[in-house]
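Colleague: One structure is given below, represented as structure tokens, and several questions about it will come after.
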Amino acid sequence: MLILVDENMPYVEPLFADLGEIVAVNGRSLTPEQVKDADILLVRSVTRVDAALLAQNSRLKFVGSATIGTDHIDLDYLASRAIPFANAPGCNAIAVGEFAFIAMLELAQRFGETLKHKTVGIVGAGNTGTAVANCLKAYGVRVLLCDPLLAQSGDEREFIGLDELLTEADVISLHVPIIKTGEHKTHYLFDEARLKCLKPGAWLLNCCRGEVIDNRALIRVKQQRQDLKLVLDVWEGEPRPMAELVPLVEFATPHIAGYSLEGKARGTFMLYQRLCQLLNLAADKSLGKLLPSFAVDSLALTAMPDERGLLQLARLVYDLRDDDELFRKHFADEQGFDQMRKNHRHRREFSALTLVYQGQSEVDWLFKLGFSGVGR
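Numbering (this note's numbering), first residue to last: 2 to 377.
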């Protein structure tokens, strides 16, 4: 069995080697000729899987995408050929949630503000939006949710409309799928008019899809309003962001908000489990055994951290400033965007760090944030 896999998908060898021959390919430049003999196709969001890509293949048994979204997959076409498909919803939700939370802590530190005193509006309350909300609520931040689809589906959480959110939220974090038409269109959800409605001094974070914000309009608005603070992990026109936008952004990264070792392993592992199910095989591999030990075994706390101290703890796990610096150096390079994504290997989630605290103060909030060891 030939397993064709994106070269940037981690942990494929230990999980899939027993199931067939693994061939790694460049996902962004994948051709029908390369795919024609594949029995299994494992991709990421950079690969468009449709009739054109699969035109020469008559033997495909399974397509898996180690992603939350499926907008790069022609699901109707796969269904028409009875090709099973699986993705990995929620695999990187914790990573995205922690990324957004850390970015907010970094903004607060840089501009001498306090995150805990702000109201954060989350647009899109699915897996990743909920993960952000969980971090913020654990820390005691007021959170507003906007998600009309979930509101209509009977989700019991309290939701508000986007216009109301814009008037109340000091911080807005975007976590919606890209929807190009219809009542709940998200393509250019934040156009020039909506960007101009942001509160004075607002922070805007985008960790979902670049085209949710009209990037050209964002340039114009930001040039007029220096009070706005931006964190962009996703960009219109990836892998070539608008060069004039990058200097206007406080923290800039190459679509890696979900790129924790835990999240990447989780995504590949979910596809492994699904394929084993389809093949009626026992999924006898363990997710925990894939991950390396963390550089810091444990950390003793002598006092409960304030906001500055919390950021210092977070930086032990992931220092956003490093990726921001790297992005500014290389985003304009030929293949720079993709190379930064390909080589992004070091990031961990809060759970990798074990905290030891012997005092009497309340520590449950640190445990709820995701750190290990505390509150137990």
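Idealized CB from N, CA, C, for every residue including glycine.
Grouping DSSP H, G and I as helix and E and B as strand, with all else coil, what is serine 373?
Modeller: The residue given as residue 373 occupies position 372 in the sequence shown. If DSSP states are grouped into helix, strand and coil, serine 373 belongs with the strands.
Colleague: On the premise that glutamate 237 lies in contact with aspartate 211, defined as a C-beta separation below 8 Å, what is that separation, rounded to the nearest angstrom?
Modeller: The residue given as residue 211 occupies position 210 in the sequence shown. The residue given as residue 237 occupies position 236 in the sequence shown. Before going further, note that residue 211 is glycine rather than aspartate in the sequence given. 4 Å between Cβ atoms; contact.
Colleague: Note the first and the last residue of the continuous beta strand (DSSP E) segment covering glycine 21.
Modeller: The residue given as residue 21 occupies position 20 in the sequence shown. Taken as a continuous stretch (DSSP letters only), glycine 21 belongs to no beta strand (DSSP E), as it is neither H nor E.
Colleague: For the structure I just gave you, are there three or more beta carbon pairs, one from the region 85-100 and one from the region 124-131, closer than 8 Å?
Modeller: The region 85-100 is in contact with the region 124-131.
Colleague: From what residue to what residue does the alpha helix (DSSP H) around phenylalanine 270 run?
Modeller: As a position in the sequence shown, residue 270 is number 269, starting the count at 1. Looking at the DSSP string, the run of the alpha helix (DSSP H) that includes phenylalanine 270 is 262-279.
Colleague: I'd like the list of long-range same chain contacts for lysine 119, defined as Cβ closer than 7 Å, with 5 residues on each side in sequence excluded.
Modeller: If you number the sequence shown from 1, residue 119 lands on position 118. Here the set comprises Val142, Asp171, Val172.
Colleague: Nearest to leucine 166 by CA position, among Ala284, Leu205, Phe63, is which residue?
Modeller: By one-based count along the sequence shown, residue 166 stands at place 165. Comparing Cα positions, the closest option is Leu205.
Colleague: Residue range of the beta strand (DSSP E) that cysteine 147 falls in?
Modeller: Here the question's residue 147 lines up with position 146 in the sequence shown. Cysteine 147 -> beta strand (DSSP E) spans 143-147.
Colleague: Note the first and the last residue of the continuous beta strand (DSSP E) segment covering valine 13.
Modeller: Position 12 of the sequence shown, counted from the start, is the residue given in the question as residue 13. No beta strand (DSSP E) holds valine 13; the alpha helix (DSSP H) holding it covers 13-17.
Colleague: Suppose only complete runs of 3+ residues qualify. What are the beta strand (DSSP E) ranges in the region 130-196, listed by chain order?
Modeller: The region 130-196 contains these whole beta strand (DSSP E) runs: 143-147, 172-175.
Colleague: Is it buried or exposed, glutamate 159, if we count other Cβ atoms within 10 angstroms and call 16 or more buried?
Modeller: Locating residue 159 in the sequence shown gives position 158, where the first residue counts as 1. Exposed is the call here.
Colleague: Closest to serine 287 by CA distance: which of Pro15, Leu76, Asp334, Arg241 is it?
Modeller: Taking the sequence shown and counting its residues from 1, the one referred to as residue 287 is at position 286. With distances taken between Cα atoms, serine 287 lies closest to Pro15.
Colleague: For the region 274-290 and the region 321-339, state whether three or more C-beta atom pairs, one from each stretch, are separated by less than 8 Å.
Modeller: Contact between the region 274-290 and the region 321-339 is absent, because fewer than three Cβ pairs lie under 8 Å.
Colleague: Could you work out which residue in Val144, Met105, Gly202 is closest to leucine 311 when comparing CA atoms only?
Modeller: The count along the sequence shown starts at 1 and reaches residue 311 at position 310. Among Val144, Met105, Gly202, the Cα nearest to that of leucine 311 is on Met105.
Colleague: Rounded to the nearest angstrom, how far is the Cβ of proline 33 from that of alanine 56, given a contact under 8 Å?
Modeller: Residue numbering aside, residue 33 sits at position 32 when the sequence shown is read from its first letter. Residue numbering aside, residue 56 sits at position 55 when the sequence shown is read from its first letter. Proline 33 to alanine 56, Cβ: 5 Å. Contact.
Colleague: When the Cα of alanine 109 is compared with those of Ser81, Lys181, Asp307, which residue comes out closest?
Modeller: Mapped onto the sequence shown, residue 109 falls at position 108. For the residues Ser81, Lys181, Asp307, the minimum Cα distance to alanine 109 belongs to Asp307.
Colleague: Please state if the CB of phenylalanine 351 and the CB of leucine 370 are separated by a distance shorter than 7 Å.
Modeller: As a position in the sequence shown, residue 370 is number 369, starting the count at 1. As a position in the sequence shown, residue 351 is number 350, starting the count at 1. In contact: leucine 370 and phenylalanine 351 (Cβ atoms closer than 7 Å).
Colleague: So, are the CB atoms of phenylalanine 328 and alanine 244 less than 7 Å apart?
Modeller: Stepping through the sequence shown from its first residue, residue 328 is reached at position 327. Stepping through the sequence shown from its first residue, residue 244 is reached at position 243. No, the Cβ-Cβ distance between phenylalanine 328 and alanine 244 is not below 7 Å.
Colleague: Give every residue of the same chain whose Cβ lies closer than 6 Å to the Cβ of glycine 91, excluding the five residues on either side of it in the sequence, and list them in chain order.
Modeller: Here residue 91 is taken as the residue at index 90 of the sequence shown, counted from 1. Closer than 6 Å at Cβ, skipping near neighbours: Asn128.
Colleague: What are the start and end residues of each continuous beta strand (DSSP E) run of 3 or more residues lying completely inside the region 38-74, in chain order?
Modeller: Counting whole runs of 3 or more residues, the region 38-74 contains the beta strand (DSSP E) stretches 41-44, 63-66.
Colleague: Kindly provide the ranges of any beta strand (DSSP E) runs that are 3 or more residues long and lie completely inside the region 300-336, ordered along the chain.
Modeller: Segments of the beta strand (DSSP E) lying fully in the region 300-336: 300-302.
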